[in-house]
Structure formats: structure tokens, C-alpha cells
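Visitor:
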Amino acid sequence: MFDPVDDIEPTPGREERTRRALVQYAAAHPRRRRPWLFVIPVILVASVLGGGAINLLLPASDRTQVHCFARAEVRQGGGYPEAAIAIGRPNGKAALIKDALKACTQFWETGLLDSEQADGLSRDSTGRTAPDPANAVVPDELTVCVLPGGAPAVVPGPRGVCAGVGLPGELR
Amino acid sequence: MALQATLAPGRPRPGSGRVPPVAAPPDRQGSRAVREREVGAVDDTPAEPSDIALLREADSGQSYAFGLLYDRHKRRVLNACYRIVAHREDAEDAAALVFLETWRRRAVVRDIDGSILPWLLATSVNVGRTLRRNRGRYRTFLGGLHPEDGHVSEADSVDRRLERAAALGPTWAAFAKLNAKEQTILLLCVVEELPQEEVAATLGIPVGTVKSRLSRAKERLRRQMELDESLGRERAPEGRR
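Chains A and B, in that order, are what the protein sequence lines are.
With the working numbering, the residue at position 97 of the first sequence is 97, and numbering never jumps.
One rule links them: number in the working numbering = place in the second sequence (from 1) + 1000.
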């Protein structure tokens, strides 16, 4: 089918240069290891051996929702005083929320979260849930933890607050 | 129009790590005992490590193994690239980049019974087609291969590329105008004569798709050659005016 084409020979010296360059490149670009694959088992083992003294860290695997906690506490029955954010798209699929901390900070700025309320949500004079931007107070420190389903939860408090509410911290 | 039947004879496929069957000389074919001894002698020879074993060895830090892999397939890859780019210097650059890309993408390289030759040949098409456009991306690496002047040639026009392909013959001129999928299937199945099962496994498509894609590519090549020929006939009288 194809016209015969004579095979070509490499230019003298070129073959050796190419070989050397490739071997050097391979030596200079070794296998890339994924650090978190090693970090997680080490942290888990350390956590078990240390009686929970070391905080557990996990990556947030579900970025379609973010839970913004009003307080760092676990309510009786295991619930949390929080409001969840999920952004829908016209195609019906949820959008990915890349920055959980930023999303919850914006949520706090609307005044929808109120740490004084039992369920953590602001209410108007009639008792209905309503944002109150005029009295909005963003906590000084917010920390990203990870809920059992893999969604990030932003909890008011410093590093280590996650362990206090029984959640692993976020491994970024 | 009948296409020229000038297929090159099938080539052996190195790198699978398998010992090829050896036929006894004609004068010994009547003796089964002798034949078995012949085969036994071959089996005692240690088989070479497969391509994928070399790649894994290199990946584990023994980078010299990548050099052995290069030695094994460099000529075959160089000539596959030459058929794509139709230019000696570019073919040498492209062949080097095929191995470079193989290293970069070693985690996803597909082997067939340990051989990565089909993968290298398929990669030759992609690298060869994009070489001139992507020279900037590989400038550092290619610069090291041209120590005489450190110069890496710039992108050519499409016309220039087609001109060069025409110098190899009318089928190659038509081949240069096909898309990447058509070129890949023709290079692997027709030029390199790889079994369709291997091509299917390399490209990650069913054998049926290889057959249909090959049939369409051959048809496209045939029509392109007819078109080129008719255009050539039209231009010829103009040239004589």
C-alpha cells in the first residue's frame, strides 16, 4: 500500500547524545511519591499509639457541600449547630466548593450564623431564620475539619478544635 | 485506482521478553529427538528482560535500564518518526521525544506481553505531528541534543511539511494529510504490521473498532491519493503554459 521508504540511520554521535540525555533525564526525574498516602497511615498509627494525643488529619473528599459551624460543640444526639452550603448548577449537579474557609467566612458575614442560638442560626423578631448582616460577627479563628461523609466542616476555634468536636482535621 | 502493493516484510517484535520459536534446519527436520534438543538448547539461554521490566527497573532508580530500552527500540522508533515527519533531523528529535514522553507517562504505558513497542510507535505519530508546533515545550531537552550550535529549528509551515512528505512518495504525501487517528491505525496495522489485537490493546479500543477505523483510514488514504493525482494533472498543463 505504501511507497517503500529506505530506513534512515541516525547522524553519527547523535544516538549516543540522545541516549545519555534520556538516561540523565530518567535519573533526574525519579518516581513521584504521593506524600499523603504515607502521611495518613503514619498519623493514624501515631494517633492510636498516642492515645489520641495527636490529631487525626484526613483530606476532605466531598467538596459539593460545606458545613459552617456556629459553635465548636456536639449537641446531644450527635448533631452539630451548623448551616450547610451547597451550590446547585442549572444542570442539576452540585458545584464544587474549593475553599471551604472562604465560603463559611462569607456565610458568617451575612449574619446567618449566630453562636448564641441553640441551632446556630440567626432569627428575626418572629422567630424565623433570617440573615442579620448588620450584627454579623465573623469569629477570629476558623478551622476546617472533616465530617464522616468527607465534607469539610468549618468550626470556630484554633487548630485542634476539630479533636474537641470529635472530627478529624483537614489534610490539605 | 489500484493502490501500490509494496508492503515491507513483517519485522520481528523485540522487547516482549519471549524466546522466538526456532525451526530446525531442513536436513534435521525428520528427527524429532534432534528438534527437541535444539529447542532445549534455546530454552537454556536466559531470556532478555521485557520492555516493561526495564521500564520498572528504571523507575525504581536504575536509570541505566532506560538506556537499554532506548537501545532496543531506537531504530524502529526513528524510522516510524521519519515516516511521519519526512525529515531526518526532525525524525531524530521526534524519536528522542518519544522516549522522553514514555518516561514522563511511564505510569500509564500499556505493554503487550511485556513489549512497549506498539506504545512507542503510537506515540511516534502524536509526537511527530506536534513536534514542530511544540518545539518550545521541549527546547531545553532538544537543545542538549544539538551541542554543535545549540539551535533548535523553528516551526515550518504546513505546506513545507507536506512538500517534504511528497518527496517520500504519493502515498506518504496523502498519508501526511490524514488525521492523527487515521495515521496511527495505518502506521501500526499496515506499515508496522502489528496484529490487530495488539493495536486494540495499545489504543485501548475494541478489535472491531480497529477493523472499522482501519477500513475507513484506507478509504480516506485512497481518496486523498486520487485527489492529489487529479490536482497534479490539473497543475501539470498550467506549468507548461
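Note that CB positions come from ideal geometry on N, CA and C, so glycine has one too.
1. Three-state secondary structure (DSSP) at A:T129?
2. Identify every run of the alpha helix (DSSP H) within the stretch 132-165 of chain A, keeping only runs that are complete inside it and at least 4 residues long; order them along the chain.
3. With a threshold of 8 Å between beta-carbons, can A:F2 be considered close to chain B, or not?
4. Cutting at 6 Å between CB atoms, please list the residues of its own chain near B:H1087, excluding the five before and the five after it.
5. When the Cα atoms are used, what is the spatial distance from A:E73 to A:V144?
6. Pick from A:R31, A:R159, A:L113 and A:L171: whose alpha carbon is nearest that of A:V146?
7. Can you tell me whether B:L1231 is buried or exposed? The criterion is at least 16 other CB atoms within 10 Å of its CB, across all chains shown.
8. For B:S1124, which residues of its own chain have a beta-carbon under 8 Å away from its beta-carbon, when the five flanking residues on both sides are left out?
9. List, in order along the chain, the chain A residues whose C-beta lies closer than 8 Å to that of B:R1088?
10. Taking the alpha-carbon positions, what's the A:G164 to B:L1131 distance?
11. Between which two residues does the beta strand (DSSP E) carrying A:F69 extend?
12. Could you name the residues of chain A that B:V1190 contacts, counting a contact when the two beta carbons are closer than 8 Å?
13. Using a Cβ cut-off of 7 Å, which residues of the stretch 1052-1070 of chain B contact any Cβ in chain A, in chain order?
14. What separation, rounded to the nearest whole angstrom, lies between the Cα atoms of B:A1107 and A:I87?
15. Is it buried or exposed, B:Y1242, if we count other Cβ atoms within 10 angstroms and call 16 or more buried?
16. DSSP beta-bridge partners for B:I1084?
17. Applying a beta-carbon distance threshold of less than 8 Å, which residues of chain B neighbour A:E15?
18. Any contact of the stretch 109-129 of chain A with the stretch 14-29 of chain A, i.e. 3+ C-beta pairs under 8 Å?
19. I need the straight-line Cα distance from A:Q106 to B:D1071, nearest angstrom please.
20. What is the residue span of the alpha helix (DSSP H) that B:E1057 lies within?
21. With which residues is B:S1115 paired in a DSSP beta bridge?
22. Short of 8 Å Cβ to Cβ, which residues in the stretch 1168-1180 of chain B face chain A?
23. Hey, does A:Y25 have any beta-carbon neighbour from chain B nearer than 8 Å?
24. Below 7 Å CB to CB, which residues in the same chain sit around B:E1101 once its five sequence neighbours on both sides are set aside?
25. Leaving out five residues before and five after A:I85 in sequence, what residues of the same chain have Cβ atoms less than 7 Å from its Cβ?
26. Please tell me whether B:I1112 and B:A1201 are closer than 8 Å, where the distance is taken between their beta carbons.
27. Would you list the residues sitting across from A:R123 in a DSSP beta bridge?
28. With distances taken Cα to Cα, identify the nearest neighbour of B:R1075 among A:I8, A:D62 and A:P59.
29. Excluding the 5 residues flanking A:G150 on each side, which residues of the same chain have their C-beta closer than 7 Å to its C-beta?
30. Taking the alpha carbon of A:V5 as the point to measure from, which residue in B:E1229, B:A1047, B:R1213 and B:A1167 has its own alpha carbon closest?
Guide: Concretely, from the data shown:
1. The sequence position of residue 129 of chain A within the first sequence is 129, counting from 1. Correct three-state label for A:T129: strand.
2. You should have 161-164.
3. In the first sequence, the residue the question calls residue 2 of chain A occupies position 2. At least one chain B Cβ lies under 8 Å of A:F2.
4. The residue labelled residue 1087 of chain B in the question sits at position 87 within the second sequence. Closer than 6 Å at the Cβ level, and outside the excluded window around B:H1087, lie R1164.
5. One-based indexing of the first sequence puts residue 73 of chain A at position 73. One-based indexing of the first sequence puts residue 144 of chain A at position 144. Cα-Cα distance, rounded: 14 Å.
6. By 1-based counting over the first sequence, the position of residue 146 of chain A is 146. The option with the nearest alpha carbon to A:V146 is A:L171.
7. As a working mapping, residue 1231 of chain B is identified with position 231 in the second sequence. So B:L1231 counts as exposed.
8. Locating residue 1124 of chain B in the second sequence gives position 124, where the first residue counts as 1. Closer than 8 Å at Cβ, skipping near neighbours: V1077, A1080, C1081, I1084, A1094, A1095, V1098 and L1187.
9. As a first step, residue 1088 of chain B must be located in the second sequence, where it is residue number 88. Simply I8 and T11.
10. Here residue 164 of chain A corresponds to residue number 164 of the first sequence, with the count starting at 1. Here residue 1131 of chain B corresponds to residue number 131 of the second sequence, with the count starting at 1. Taking the straight line from one Cα to the other gives about 57 Å.
11. Translated into the one-based positions of the first sequence, residue 69 of chain A becomes position 69. Unbroken beta strand (DSSP E) run through A:F69: Q65 to F69.
12. As a position in the second sequence, residue 1190 of chain B is number 190, starting the count at 1. Those within 8 Å of B:V1190 in chain A are M1 and F2.
13. Residues passing the 7 Å Cβ filter: A1058, D1059, G1061, S1063, Y1064, F1066, G1067 and Y1070.
14. As a position in the second sequence, residue 1107 of chain B is number 107, starting the count at 1. As a position in the first sequence, residue 87 of chain A is number 87, starting the count at 1. Near 35 Å, if we compare the C-alpha coordinates of A:I87 and B:A1107.
15. Lying before the first or after the last residue shown, residue 1242 of chain B is absent from chain B, which here runs from 1001 to 1241.
16. Translated into positions along the second sequence, residue 1084 of chain B becomes position 84. Per DSSP, B:I1084 has no beta-bridge partner at all.
17. Locating residue 15 of chain A in the first sequence gives position 15, counting from the first residue. K1074, listed in chain order.
18. Contact fails: fewer than three Cβ-Cβ distances are below 8 Å.
19. As a position in the first sequence, residue 106 of chain A is number 106, starting the count at 1. As a position in the second sequence, residue 1071 of chain B is number 71, starting the count at 1. Using only the alpha carbons, I get a separation of about 60 Å.
20. In the second sequence, residue 1057 of chain B corresponds to position 57, counting from 1. Element bounds for B:E1057: D1051 to D1059.
21. Here residue 1115 of chain B corresponds to residue number 115 of the second sequence, with the count starting at 1. For B:S1115, which the question treats as bridged, DSSP gives the partners B:I1112.
22. Taking 8 Å as the Cβ-Cβ cut-off against chain A, the residues of the stretch 1168-1180 of chain B that qualify are L1168, G1169, P1170, T1171, W1172 and F1175.
23. The residue given as residue 25 of chain A occupies position 25 in the first sequence. Yes - at least one Cβ of chain B is within 8 Å of the one on A:Y25.
24. For the purposes of this step, residue 1101 of chain B is taken as the residue at position 101 of the second sequence. So the qualifying residues of the chain are T1123 and V1127.
25. The sequence position of residue 85 of chain A within the first sequence is 85, counting from 1. Answer for A:I85: Q65, V66, C68, I97, A103 and F107, listed in chain order.
26. Sequence index remark: in the second sequence, residue 1112 of chain B carries index 112 (1-based). Sequence index remark: in the second sequence, residue 1201 of chain B carries index 201 (1-based). Yes, Cβ-Cβ distance for B:I1112 and B:A1201 is below 8 Å.
27. Start at 1 with the first residue of the first sequence, and residue 123 of chain A comes out as number 123. The partner list for A:R123 (beta bridge, DSSP) reads A:T129.
28. Position 75 of the second sequence, counting from 1, holds the residue named residue 1075 of chain B. The residue with the shortest Cα to Cα distance from B:R1075 is A:I8.
29. Residue numbering aside, residue 150 of chain A sits at position 150 when the first sequence is read from its first letter. Only A60, S61 and D62 meet the Cβ criterion.
30. Counting from one through the first sequence, the residue named residue 5 of chain A turns up at place 5. Residue B:A1167 is the option with its Cα nearest to A:V5.
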